[in-house]
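Shown next, in the form of structure tokens:
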């Protein structure tokens, strides 16, 4: 089966292959009368775009998005918004070899096994190129959420090198090629990742995404819990192997008192004294910041050979030439933000429909 | 919004509150002509049932399931299967106090914020009692999957005490009250959890679920990836804060060669030399065992007081009396298995419809 | 496949067989804080209940509905509402013969062909008994719509005998066993239907349902148009073969000017001068009354023999003994109202979520 | 709300406005390894294309479809198929007036009421131009169904002029500009429609669509019945006001024996002696031809003035200049076929997934 839509009321359907003529998405369910133009979307695509440093793939594409429907005189109309990016730098000659072999860690074998056919050029549908449309849809989702909701992501770990949590500074995120919130980690990562790249190797990473200003009450228990939908959305990103909300796996080692987020009243408002829960209880937002983290495995495309098998059923050594990110997790930062935005926009509309106003 | 259905072709809708007259579920989309009776479901419910050791809540209910539709002369008919469990031991007097205060870590405040009303008795809809119906539905899902697919879960961590991975023995899981696969950890956990219980505290845990015999090709890219659906399903379980597939968060620290699951041919079959990916690539099963882990936070109900607020907007100290599991993660083992079974059954039917036979 | 849920935000899942232990439904997505008790639902079930005149089946069941979840202290909580009716008068001896033969016009052959198994007792899942749960769900939907929306149905044709449209009086509908809005047609139908019944035959009917007070703006273009959803919902009722909105098939013979619903302003409001469109344009409600009509074929169960085939593949003559409505269309009136209510409640919540307040 | 997707396993999402830059659709869930190219789709678009006779709008567009994803080396891959048609002949100057007034019978007022904004150019999203993408998707659906299923449509009534049923000849349908299966009606319609056009008026029509070779067992009771899904799909076509299956409304006047489709065995097969049911019983296909009819109201765009209101709240007379079909029902024939194809393809995949092979 193929299933390329997510969301209930804010629904995003993506299409397109890495080396096909174009990629695109349809955003259905966006409320009307929101100001929207290509200029609202393009900056987010630019943040994700490859080729901006030596640490991301050298594939160079302008990734210019075009709005083909759903916007009239600069405003959304409530009809589906079609977003399209033409593929311009396809260079399919780089990928000819992978037609005959299955790259370990990639979807090659799985797609072949499932469909009996695959567009092997650049990974086809399973390429991370698809995430460009997530980012585009996320930009629309931000308009739905409005200025009161702020969604930001940062890279917090590359390999075994973690940021210093006590040095976290959101303003730093845009100042380095890693989306790092800690300036002291930047030279460490530069040196480490430079060595990884020279060795033709790759490495994993952890991304954290935080949404502030999210009103309490979002979430659709039991099987559309906000954290469950977030977990599914983040896990659907290419190469992601783990997701946690709030303190996540660490809570397994906590006792009850260590885990409890105590509350008190302050000026007539409920104030939390900690946020181990990551802003979600019972699948519903509490008004605290929503905090999610996810792990991205090392880029499977490497110059270091790995034993594998061929379409013809022979043992082979696979070396993946071409242009690849040594740490695909870096560019996953804007993608994670986009998924957070889409899930929140969807839940905002669901909540408003069934329970009341935002 | 409320959303109480999961699955696309194998769809489960649950209903019921902890202290309402009954709880139940409707399993829609089960194929016809499968042998099914209450005896196929009851053993799984019995494994999850409370009151079986001093480490789980002393609430005692037989949890006898009744099939009310969809089965004729011992066989499924292809029509919806209604499963109902009457609530017999409701003792609502235990829970009277929580009507006026919000228990930290529980869904109380979130439900009140969202709906403006809540059935506070025993947590109402947000109670882990709902998971009984997940287990019942999971038993039906196992019939759909057939005997070739084996799904097993185990507890691998309580607090900071982890099992010895090199001592893993599935046969031990049924021999102790913890679903522990390692006999040497049992006395450690007994002593630790006994102290936690006496202190009126609680603690978190980690569960691992493994599905063997799953055919390759299950998964619906891009937004119904098998791992994404699993992540959402497991995160939707009460008190779960984190999910990982295969090596999960550990992959962030791996290099590409460390993470790669090399392959070779053996007797005409593709053999993997490791399973860091947990049996899923590109959102599609590879034929290897599907491996998922999830963290359950400490039980929020404790005898140790926590600062909180009341419905009336006053600062209070909350102590949750009544019968509670000191480690709710223990009983999450059969629930995790059930969610794995439901997700796989759904994807099996989706795959068969669109791509071909099982 | 089996698919027993309808609606997007106001979702109804029904289950149960004619002669199983019980039938029921789960209403998910009902907003919180609506007053609801069995007394709000029972009167609608009583209107549909068989055995109330010689023109409906003599099966006598109290059809007492029980709310098993989703309501707390007389108010909806926003969690799923489980409604159950125990089957009390099953008398399966009446139906023993149909196990071996396929009754023409019934679903017997189709279910056997699809599923390879069927609960033949009283038609099993395909029995019109399922419509009791539609009526129950419809009663909940009316609470969602509120008192400002009035939904009423009437029988307008039995066989070739149509009501006099110029004599339409809603107050008459409750005064006769036919839900007839025209008192002059009542003796005509009584005599006609008495003869049909004595002959062991049956006859078809047409029902009209009108919803007044529906706000403009409901409808989800393009594939959730209000009229499309209504058509699907009404066609899903047992034995329905045709649906029309507004003037329906008659518009095929109209010219443009005859069909146009002219408008003018009156006290700052748009006033329509006619309602050929039945209150829906472009799939969206206009504020005019929503008008739908549907045709119910003759009851397929008759004492008059019809050539058919047996499970064993032999030619047989089928006579359906037992208790049957000579005109099943009569009891379809409250069912049609219920489907209208459910569709409107669903669209009200969808509209409110995405576009604004009611 | 906006909802622009239909189908469960074979899912079609359309987008685009009449005078936007392009229109398109995404077909998700198409099985892999089906031969597909633009040449398989274009002929169906050509049948629907305007400007082919004096009886359809003179808007002239080549309507060249482009496959942008989901096909590799001439075969479907199982990934979403994106189909796009650029709008070339937009001539928006024709439609400037309708920005300020609401055309009776059109969606203008309803969209304005719902969304508070509308793309008025050519009807925007509510234009019948959207149906081009239905036809394109229908061509893909035909590949899913294979050559064993034949779907054909015909025009059977214009105004009060019906075809002679006893003269029905499918071969005639392609021989005249009306899709008429009766050559004797052609001159009647030509003369009648010519007069309608000269008068600046319009007229309604009835279309019949028949699917032969459909296997028994398709349909998803209770809320995905084949006839219910067909009714919803056909009613969703622009200007459709009524749908019937088999003998439809006529069955209301039948007695049971008149309506019964008797069966007998012939060479080990069940043979039906009539098809009043239109090939569907209990919502499931029986193996007989599926027969559906739908009514299209007169084109609302006319040169004859109709009283209406303006955006500014004033009484006006609306005359719709520009290029319009005097009988929009003619071009609805290929659209009705396409909807039948899509619904059947969806149900084929659903059936195969849950119950067994085709």
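Residue numbers (my numbering), protein chains in the order written: chain A, 682 to 1039; chain B, 682 to 1039; chain C, 682 to 1039; chain D, 682 to 1039.
All C-beta atoms, glycine included, are put in the ideal place defined by N, C-alpha and C.
Would you check if the distance between the CB atom of residue 784 of chain B and the CB atom of residue 989 of chain B is smaller than 8 angstroms? yes
Can you tell me which of C:877, C:987, C:754, C:1010 puts its alpha carbon nearest to the alpha carbon of residue 930 of chain D? C:1010
Cutoff 7 angstroms; reference residue 1032 of chain D; Cβ partners in own chain excluding five residues on either side: 898, 899
Check the Cβ-Cβ distances between residue 827 of chain B and every residue of chain C, and say whether any is below 8 angstroms. no
Can you list, in chain order, the residues of the stretch 876–892 of chain C whose Cβ is nearer than 8 angstroms to any Cβ on chain D? 877, 882, 883, 884, 885, 886, 887
Going by beta-carbon coordinates alone, are residue 858 of chain C and residue 736 of chain C separated by less than 8 angstroms? yes
From the DSSP output, read off the bridge partner residues of residue 764 of chain D. D:706, D:748
Rounded C-alpha distance that separates residue 952 of chain A from residue 882 of chain B: 24 angstroms
Given this structure, state the Cα-to-Cα distance separating residue 793 of chain C from residue 923 of chain D, to the nearest angstrom. 31 angstroms
Below 8 angstroms on the Cβ atoms is my guess for residue 750 of chain C versus residue 762 of chain C; work out the distance and round it to an integer in Å. 6 angstroms
Distance, Cα to Cα, residue 962 of chain D vs residue 894 of chain D? 16 angstroms
Of the residues that make up the stretch 749–771 of chain D, which ones have a beta carbon closer than 9 angstroms to any beta carbon in chain A? 749, 750, 751, 752, 753, 754, 756, 757, 758, 759, 760, 761, 762, 763, 765
Which partner residues does residue 952 of chain D have in the DSSP bridge list? D:945
Leaving out five residues before and five after residue 1038 of chain A in sequence, what residues of the same chain have Cβ atoms less than 6 angstroms from its Cβ? With a pLDDT of only 49 at residue 1038 of chain A, under 50, the local geometry of the prediction cannot be trusted, and the value read off the model is given with reservation. Answer for residue 1038 of chain A: no residue qualifies.
Output the residue ranges of the alpha helix (DSSP H) runs that lie fully inside the stretch 773–836 of chain A and measure 4 residues or longer, sorted by chain position. 789–796, 812–826
Between residue 942 of chain C and the rest of its own chain, which residues show a CB-CB distance below 7 angstroms, the 5 nearest in sequence each way excluded? 953, 954, 955, 956, 957, 958
With a threshold of 8 angstroms between beta carbons, is residue 1039 of chain B in contact with chain D? Any answer about residue 1039 of chain B is weak, because its pLDDT of 42 lies below 50 and its placement is not dependable; what the coordinates show is given next. Residue 1039 of chain B does not count as touching chain D.
For residue 869 of chain C, tell me which candidate among C:839, C:860, C:823 has the shortest Cα-Cα distance. C:839
Spatial distance of residue 745 of chain C from residue 1012 of chain C (CA atoms): 17 angstroms
Taking beta-carbon pairs under 7 angstroms, can you tell me which members of the stretch 793–814 of chain C lie near chain D? 794, 795, 796, 806, 807, 811
Which residues does DSSP list as the beta-bridge partners of residue 999 of chain A? A:987
What does residue 787 of chain C touch in chain D if you count any residue whose Cβ is under 9 angstroms from its own? 962, 963
Excluding the 5 residues preceding and the 5 following residue 690 of chain D in the sequence, name in chain order all residues of the same chain whose CB lies nearer than 8 angstroms to its CB. 710, 1027, 1030, 1031, 1034
Hey, could you find the ends of the alpha helix (DSSP H) residue 877 of chain D is sitting in? 866–879
Can you check whether the C-beta of residue 976 of chain A is within less than 8 angstroms of a C-beta belonging to chain B? yes
Is residue 685 of chain B close to chain C? Criterion is C-beta to C-beta, closer than 8 angstroms. yes
What in chain C is Cβ-close to residue 1035 of chain A, meaning under 9 angstroms? 690, 691, 710, 711, 712, 713, 759, 1030, 1033, 1034
Does any residue of chain B bring its CB to less than 8 angstroms from the CB of residue 956 of chain A? no
Answer yes or no: does any C-beta atom of chain B fall closer than 8 angstroms to that of residue 841 of chain A? yes
Any beta carbon from chain B within less than 8 angstroms of residue 866 of chain A's own beta carbon? no
Could you tell me the boundaries of the alpha helix (DSSP H) in which residue 913 of chain D lies? 907–916
Alpha carbon to alpha carbon, what distance is there between residue 997 of chain A and residue 874 of chain A? 28 angstroms
Using a threshold of 8 angstroms, state whether the C-beta atoms of residue 803 of chain C and residue 788 of chain C are closer than that. no
Contact with chain A by residue 694 of chain C, beta-carbon distance below 8 angstroms: no
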